[in-house]
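Right, one structure below, let's go through it.
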Amino acid sequence: MPADGIDQSDLDTSPRGQRVRRRRRPVRHALRRGLLCAALVLAVLITWATWLGVDALHARGELKTAGKQVQILQEQVEGGDREAAASTLMSLQHHAEVARTDTHGPAWVAAGAVPWLGVDIRAVQTVSEVVDDLATGALPALLDATSLVDPTKLTPVHGRVDLAPLVKAAPKVVAANSAVMAAAARLDAIDSGALVPSVAAPLADLSAQVAKVAMTTATAARAVQLLPAMLGVGGPRQYLLLVQNNAEQRATGGEVGQVILLRAEHGVVKVLEQRSGGDLSGLLKPALALTTGERALFGDGLGTDMRDVTFTPNFPRSGALARAIWSEKVGTEVDGVLSIDPGTLADVLGATGPVTLPTGQAVTATNALGLLLNTVYLTIADPQKQDAFFAATAASVFGAVVDGRGDRAATVGALASAAREGRLMVWSARPAEQALLAGTVLSGEAVGARGDSPVIGVYLNDGTAAKIGYYLRTDVVAASGRCRLDGSQAVTVTVTLTSTAPANAADLPPYVTGDGRVVPKGEVRTNVLIYAPAGGQVKNVRVNSGVSGGFVQSEGGLVVVGRTIQLRPGEQAIISYDIVTGKGQTGAPIVRVTPGAAQKAATSSPSGCT
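Just so we're on the same page, my numbering is the position in the sequence shown counted from 1, plus 26.
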């Protein structure tokens, strides 16, 4: 055997064997080339994945930081800290630019074409684009605009609001709002259900932040478009200011006790005249045609008596009726209607400081509610003198506001708080302006849904024809139950009414008790109306745990169930409603309640669909 250990006899030296050996070499070379190519491809894929991963981690950190700074910037802008906001904006722009660069390189373009990966890649790219566009476009414009408008200057000084800054800022604010709305729409268009959790969660956080910014910019855009026009920059305007009296409940607060005619021109607001609600009553027929539902629920008084235009919980309707009644009784037209109540006056007095009436009596934030809703009726028997007292109080508080007394920032805050509580509402007779007001906290609309959230209305209308409603306390709790397959929810609303009238309430003055004309002296009768969500129903009504019914009607496309409750002093009634919302209303229930003399805010549980 040769030294190399190969037995030559084992070799095929025939021509066929030579052909076999010649064929084996190309096969082995092809295999080597294939393995080499595979190795190169694998190396490229590893490098690509590593590059993508490094960029992704870096971009994730930058976007996370940018998202936090969006929130910080919004808080600084709202707080008026423009210097800090400018610094935050610069940092935000840097992080947003880096994130966008990191997510738009060659590796990301290639990854976006991979079927199982592309949807997440494109989502991350969209997020980085949105943040960068906001940081370089909308937010700088908004910051520039806010430097022109100081919210504290929106209150009058010596009877005048300076409108020039609002007019100057309007184009930038409107453009910024459009950009933010477009950004929010891009984020909403991403199908979060198709994303991996590590991408979906940050997307949800950013969407929530942008939605908050959108609310701020939308409010600012409306303000710069509405305020100059409504305050007479283009010519004089006249408005009715309704002062509601919560001692005699109406759906949006109380009967209209006082009506003040205001004139606004170039930011100067003046009182032209005041009348009592009773002076604007007695029409032979409604000033505007009433619907079948309105007649059934509220009677013709809704359209014939200024005191009763607030029976409906839909303030735009109240505004239109008040304008029409004024036109018939007085003979002049107004451009819109505003409404406040003593709770609003009390909040404003907390900012302006006390006012002194011609009688020498001081009205403060502490005593305003009790004084206007109760004490005046206990101490002044003559209704005309009561009206004079209300007129003097309203004029004094209005004077304090237009003169710019006290803490002007606190005055703006007090008015904003009143609007959120439904105590301050505005309606414009001009369609374009009303379209801007619609959907805001100032509009007072009776709607059955906000986005995907069902809206449930709990409204009180006095049935005593007296001022004993001051002693009625209301507590409303909404508890969301199970979520149905169609996205509707089962919601239980519990309304607790308590009479806190003293045991000797029958001995109170006739103007407070009604003098027994409708109910026994000292008792209070209330018509409770439940407005179901859009497309929803009220399934059951139980009073004090017993099965009971109610008066069912349809109003404004919503199902309404009415129930009359009568209480003796110290008595309590608990009404429970089983409600099914409309389909697809998966958000947390929103409860709108009649503002009272003193009541707890309505509470609502989270959505049953979460």
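Positions of the beta carbon are idealized from the N, C-alpha and C atoms, including for glycine.
Since we're looking at a predicted model, the values are computed, not measured.
query	result
Buried versus exposed, by CB contacts within 10 Å (16 or more), GLY279	buried
Cα-Cα separation, VAL555 to ALA372	The sequence shown places Leu at residue 555, not Val. Roughly 27 Å separates the two Cα atoms.
Alpha-carbon to alpha-carbon, ASP326 and ALA578	Checking the sequence, you will find Val at residue 578 rather than Ala. Computed Cα separation, rounded: 19 Å.
Beta carbon of VAL156 nearer than 8 Å to that of LEU213	yes
Backbone secondary structure at ARG594 - three-state DSSP	coil
Three-way DSSP call (helix, strand, coil) for THR552 in this model	strand
Sequence-distant residues of its chain with Cβ nearer than 8 Å to ALA350 (five each side left out)	ALA313, LEU314, GLY329
Inter-residue spacing [alpha-carbon to alpha-carbon] between GLU17 and VAL402	As displayed, the chain neither begins before 27 nor continues past 636, which places residue 17 out of reach and without an answer.
Where SER469 sits in the DSSP three-state scheme	coil
Inter-residue spacing [alpha-carbon to alpha-carbon] between ARG543 and ALA461	43 Å
Coil, strand or helix - LEU62 by DSSP	Bear in mind that the predicted position of LEU62 carries a pLDDT of just 47, short of 50, making it too unreliable to give a figure here.
Heavy atom of the ligand GDP within 7 Å of LEU310 beta-carbon	Ligands are entirely absent from the displayed structure, and the ligand GDP is therefore not among its contents.
Exposed unless 16 or more other CB atoms sit within 10 angstroms - verdict on ARG248	buried
Contact check, GLN270 vs SER365, beta carbons under 8 Å	yes
Among VAL335, LEU189, THR500, PRO262, the one whose alpha carbon lies nearest that of GLU359	PRO262
Rounded separation between SER344 and VAL389 - CA only	29 Å
GLN275 - partner residues in DSSP beta bridges	GLY280
Own chain residues within Cβ distance below 8 Å of SER233, not counting five before or after	ALA210, LEU213, ASP214
Per-residue burial, VAL250 [other beta carbons within 10 Å of its own, 16 or more giving buried]	buried
Paired residues, beta bridge with ILE263 - DSSP	The sequence given here has Arg at residue 263, not Ile. Answer is ALA290.
Contacting residues, own chain, Cβ-Cβ under 8 Å from ILE411 (five flanking each side not counted)	Just to set this straight, residue 411 is Lys in the shown sequence, not Ile. There are no such residues.
Contact check, LEU266 vs VAL363, beta carbons under 8 Å	yes
PHE341 - containing alpha helix (DSSP H), residue span	341-356
Three-way DSSP call (helix, strand, coil) for SER633 in this model	coil
Secondary structure of LYS210, DSSP reduced to three states	For the record, residue 210 in the displayed sequence is Ala; it is not Lys. ALA210 falls in the helix class under three-state DSSP.
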